[in-house]
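Numbering (my numbering), first residue to last: 1 to 427.
Here the structure comes first, spelled out in structure tokens, and everything after it is commentary.
Here it is as structure tokens:
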């Protein structure tokens, strides 16, 4: 039996409003398990030591134990207690799914009744600690303001509903002119081309593609160098980044954000704008690039990821040529991603992955129904495809090492009523 199961049983055996001796609790626990050879057999002392490891749930005083007083548990502690027993995303999904059944008339009392009918035993006893509903449950719901709205008369609704009518308003709110970003890129571009004789400089990332999100986008700038077939392209790119960092160090108002020696890019900030500088190889066509890339794979080259920025031109062209309404969907979903994930957290999808998933979803739906395309996007996420090919390089599977589990959970939270129910994209 695991710790969660033990906590579940003990919560059911300890009265909510009175004390029980540790010896009596140990006896009840053994009776509950039909006198089996259980971990806490016969000794209240050993049980007491275990309960003391969970002070959010139990208060041990001498030879007696009580459940934590609801008056002494804050709303945030409530959330943390629940997350020790179950995954918080699973809990949020369950609560949101219940609200979706009666979205206009869901009260706190009805929510608790429905929740207790269907939830597992250990969660029943956790939620019971939140009574009376008008105090404990309301505080817990209000600790997740991005998901829930608690109204007067103890009604609760979900935040972030997306409809065909509200979609464009949300898309417009995600957009932002990035003229200042372009000016910074132009200055850096001209500086490096002049001082380092860079054959070609390309702007990449979401700004170049037209899929940037308000307040979130940074600038990607790629230096492209010519090489000969037998050149050591890896050292060429690595040394070029080192030299670029030295050149940038002489530029006023630049603050570096990473160590170039340990990264495939130079990250810096100028005038409050984040820029990522990368290096790649200049090819005459995408076919030439892909042939070279495939050749390096056959050779077993270890640093193959250093070649990925070389695809920047074709990535920008193919995502940039998408219809504006498709880019609107990309922006809305990227804004949602930024709300539900911490930056660079495990399972957080890169912007390029979202762009490719939306592109695929739009192609599969075949019309301009934004809601249907967002549903298809989440369908694809929940299918956890093991191969999604870079549009700039058909040999590069961008999800080869991607862990879909967390992304899938967040996708389900956006559709708590299931694949054809309403969509809620929190802000």
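We put the beta carbon where it would ideally sit given N, CA and C, even for glycine.
Every value quoted in this text rests on a predicted model; they were computed, and no experiment measured them.
Do residue 12 and residue 44 count as a contact pair if the criterion is CB distance below 9 Å?
Looking up residue 44 in the chain shown gives position 44. Looking up residue 12 in the chain shown gives position 12. Result no, Cβ atoms of residue 44 and residue 12 do not sit closer than 9 Å.
Could you tell me which whole beta strand (DSSP E) segments of length 3 or greater appear in the segment 345 to 420?
Inside the segment 345 to 420, DSSP marks whole beta strand (DSSP E) runs of 3 or more residues at positions 393 to 397, from first to last along the chain.
Spatial neighbours of residue 336 within its chain, please: C-beta separation below 6 Å, excluding the five flanking residues on both sides.
By one-based count along the chain shown, residue 336 stands at place 336. Sequence-distant Cβ neighbours of residue 336 in its own chain, meaning closer than 6 Å and more than five residues away, are 425.
List the endpoints of the continuous alpha helix (DSSP H) containing residue 302.
By 1-based counting over the chain shown, the position of residue 302 is 302. Unbroken run through residue 302: none, as it is neither H nor E.
Could you compute how far the alpha carbon of residue 157 sits from the alpha carbon of residue 142?
To locate residue 157, count along the chain shown from 1; it is residue 157. To locate residue 142, count along the chain shown from 1; it is residue 142. If I take the Cα positions, the gap works out to 11 Å.
Assuming residue 355 and residue 319 form a contact by the criterion Cβ under 8 Å, report the distance between their Cβ atoms to the nearest whole angstrom.
Looking up residue 355 in the chain shown gives position 355. Looking up residue 319 in the chain shown gives position 319. Contact flag correct, Cβ pair sits at about 5 Å.
Less than 9 Å between the beta carbons of residue 268 and residue 274, yes or no?
Taking the first residue of the chain shown as 1, we reach residue 268 at position 268. Taking the first residue of the chain shown as 1, we reach residue 274 at position 274. For residue 268 and residue 274, yes; Cβs fall inside 9 Å.
Quickly, what does DSSP pair residue 156 with across the bridge? List them, please.
Within the chain shown, residue 156 is the residue found at index 156, counting from 1. Paired residues: 150.
Which of the three DSSP states, helix, strand or coil, is assigned to residue 223?
As a working note, residue 223 is residue 223 in the chain shown. Strand at residue 223.
With DSSP as the reference, please indicate the residues paired to residue 107 in a beta bridge.
Residue mapping note: residue 107 aligns to position 107 of the chain shown, counting from 1. Answer is 155.
In the DSSP assignment, the beta strand (DSSP E) including residue 59 goes from what residue to what residue?
The residue you call residue 59 lines up with position 59 of the chain shown. Looking at the DSSP string, the run of the beta strand (DSSP E) that includes residue 59 is 58 to 61.
Would you kindly work out how many angstroms separate the C-alpha atoms of residue 18 and residue 58, rounded to a whole number?
By 1-based counting over the chain shown, the position of residue 18 is 18. By 1-based counting over the chain shown, the position of residue 58 is 58. The straight-line gap from Cα to Cα measures roughly 12 Å.
When we look at the beta-carbon of residue 161 and count the other beta-carbons within 10 Å, is it buried (16 or more) or exposed?
Your numbering for residue 161 matches position 161 in the chain shown. Under this definition residue 161 is an exposed residue.
Could you check whether residue 373 and residue 324 sit closer than 9 Å to each other, using their CB atoms as the reference points?
Position 324 of the chain shown, counted from the start, is the residue given in the question as residue 324. Position 373 of the chain shown, counted from the start, is the residue given in the question as residue 373. The answer is no: Cβ separation not under 9 Å.
Taking buried to mean at least 16 other C-beta atoms within 10 Å of its own C-beta, is residue 151 buried or exposed?
Here the question's residue 151 lines up with position 151 in the chain shown. Classification for residue 151: exposed.
Identify which residue in 219, 163, 29 has its Cα closest to the Cα of residue 369.
Taking the chain shown and counting its residues from 1, one reaches residue 369 at position 369. For residue 369, the nearest C-alpha among the options comes from 163.
Could you tell me if residue 390 is buried or exposed, where buried requires 16 or more neighbouring beta carbons within 10 angstroms of its beta carbon?
The residue given as residue 390 occupies position 390 in the chain shown. By the 10 Å Cβ count, residue 390 comes out buried.
Just how far apart, CA to CA, sit residue 415 and residue 167?
Counting from one through the chain shown, the residue named residue 415 turns up at place 415. Counting from one through the chain shown, the residue named residue 167 turns up at place 167. Looking at the two C-alpha atoms, the distance is approximately 16 Å.
In chain order, which beta strand (DSSP E) runs of at least 3 residues are fully inside the segment 261 to 342?
265 to 270, 273 to 281
How about residue 399 and residue 383: do their beta carbons lie closer than 9 Å?
Translated into positions along the chain shown, residue 399 becomes position 399. Translated into positions along the chain shown, residue 383 becomes position 383. Annotated as distal: residue 399 and residue 383, with beta-carbon spacing of 9 Å or more.
Please confirm whether residue 313 and residue 205 have their CB atoms less than 9 Å apart.
Indexing the chain shown from 1 puts residue 313 at position 313. Indexing the chain shown from 1 puts residue 205 at position 205. The answer is no: Cβ separation not under 9 Å.
Could you check where the alpha helix (DSSP H) with residue 137 kicks off and where it finishes?
Here residue 137 refers to the residue found at position 137 when the chain shown is read from its first residue. Unbroken alpha helix (DSSP H) run through residue 137: 136 to 142.
Kindly indicate which residue of 9, 218, 31 has the alpha-carbon position closest to the one of residue 351.
Taking the first residue of the chain shown as position 1, residue 351 is located at position 351. The shortest C-alpha separation from residue 351 is found at 218.
If residue 171 and residue 332 are in contact, beta carbons under 8 Å, what's the gap, nearest whole angstrom?
Here residue 171 refers to the residue found at position 171 of the chain shown. Here residue 332 refers to the residue found at position 332 of the chain shown. Residue 171 to residue 332, Cβ: 5 Å. Contact.
So the alpha helix (DSSP H) residue 97 belongs to, where does it begin and stop?
Working through the chain shown from its first residue, we reach residue 97 at position 97. DSSP places residue 97 inside the alpha helix (DSSP H), whose first and last residues are 88 to 101.
Would you mind reading off the limits of the beta strand (DSSP E) that contains residue 165?
By one-based count along the chain shown, residue 165 stands at place 165. From DSSP, residue 165 is part of no beta strand (DSSP E); its letter is neither H nor E.
Based on Cα-Cα distance, which residue from 32, 413, 396, 344 lies nearest to residue 403?
What you label residue 403 is simply residue 403 of the chain shown in a count that begins at 1. Closest option to residue 403, Cα to Cα, is 344.
Could you have a look at residue 6 and say whether DSSP puts it in helix, strand or coil?
For the purposes of this step, residue 6 is taken as the residue at position 6 of the chain shown. DSSP, reduced to helix, strand and coil, places residue 6 within a helical segment of the structure shown.
Which partner residues of residue 65 appear in the DSSP bridge assignment?
What you label residue 65 is simply residue 65 of the chain shown in a count that begins at 1. Beta-bridge pairing links residue 65 to 20, 60.
Leaving out five residues on either side along the sequence, give the residues of the same chain with a beta carbon under 6 Å from the beta carbon of residue 254.
Taking the chain shown and counting its residues from 1, the one referred to as residue 254 is at position 254. Contacts found: 248, 268, 270.
In the DSSP output, which residue or residues are listed as bridge partners for residue 11?
To locate residue 11, count along the chain shown from 1; it is residue 11. BP columns for residue 11 are empty, so no partner.
Return the chain-ordered list of same chain residues with a C-beta closer than 7 Å to the C-beta of residue 174, the five sequence neighbours on each side being excluded.
For the purposes of this step, residue 174 is identified with residue 174 of the chain shown, where counting begins at 1. Only 213, 214, 331, 332, 335 meet the Cβ criterion.
For the alpha helix (DSSP H) holding residue 202, just list the boundary residues, first then last.
For the purposes of this step, residue 202 is identified with residue 202 of the chain shown, where counting begins at 1. No alpha helix (DSSP H) holds residue 202; the beta strand (DSSP E) holding it covers 200 to 204.
Does any heavy atom of the ligand ZN sit closer than 8 Å to the C-beta of residue 50?
The model on display carries no ligand, and the ligand ZN is accordingly not part of it.
Which word fits residue 211, buried or exposed, when buried means at least 16 other C-beta atoms lie within 10 angstroms of its C-beta?
As a position in the chain shown, residue 211 is number 211, starting the count at 1. By the 10 Å Cβ count, residue 211 comes out buried.
If you draw a straight line from the alpha carbon of residue 65 to that of residue 358, how long is it in whole angstroms?
Within the chain shown, numbered from 1, the residue matching residue 65 stands at position 65. Within the chain shown, numbered from 1, the residue matching residue 358 stands at position 358. Going by the C-alpha atoms only, they are around 54 Å apart.
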